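Engineer:
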Amino acid sequence: MLATMIIDVDHLWADPIFDPNRCSVGFHSLHSYPAAILYFILCILPYQKLRLPWWLRAVAVGLLLHILTDLEDYYCWL
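If you read the sequence shown in my numbering, its first letter stands for residue 97, the second for the next number, and so on.
Put into structure tokens, the structure is as follows:
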């Protein structure tokens with residue numbers, strides 16, 4: 097789940113890279129709302145029926161937790 101921090105690479109495409117007054121959720125491509133919906137769908141897929149690897153769900157949970165902590169970080173420090 098620590099590997100899900102790689103989605104922060106999309107911060108490198110922003111100008112400026114870091115803005116303390118900007119919420120990354122909804123701004124960066126891998127932190128967008130459609131991406132969060134995709135991460136949620138990956139959490140609820142029937143993995144055994146679809147014969148998908150178990151670790152894909154762990155990655156999806158990690159990505160969702162990453163999005164939630166970014167939201168929490170922004171709104172708690174306003």
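Ideal Cβ placement from N, Cα and C applies to all residues, glycine included. A quick note: this is a predicted structure, and the numbers were derived from the prediction, not measured.
Return the CA-CA distance between SER54 and ALA131, expressed in angstroms with no decimal places.
Structural biologist: No statement about residue 54 is possible, as the shown extent of the chain runs from 97 to 174 and does not include it.
Engineer: Within 10 angstroms of the Cβ of ALA99, are there 16 or more other Cβ atoms? Answer buried if so, exposed if not.
Structural biologist: Residue numbering aside, residue 99 sits at position 3 when the sequence shown is read from its first letter. Flag for ALA99 reads exposed.
Engineer: Express the C-alpha separation of GLN144 and GLU168 in angstroms, rounding to a whole number.
Structural biologist: Within the sequence shown, residue 168 is the residue found at index 72, counting from 1. Within the sequence shown, residue 144 is the residue found at index 48, counting from 1. Answer to the nearest angstrom: the Cα atoms are 33 Å apart.
Engineer: Among residues of its own chain, excluding the 5 on either side of MET97, which ones have a beta-carbon nearer than 8 Å to its beta-carbon?
Structural biologist: If you number the sequence shown from 1, residue 97 lands on position 1. Same-chain partners within the cutoff: ALA154, VAL155, VAL157, GLY158 and LEU161.
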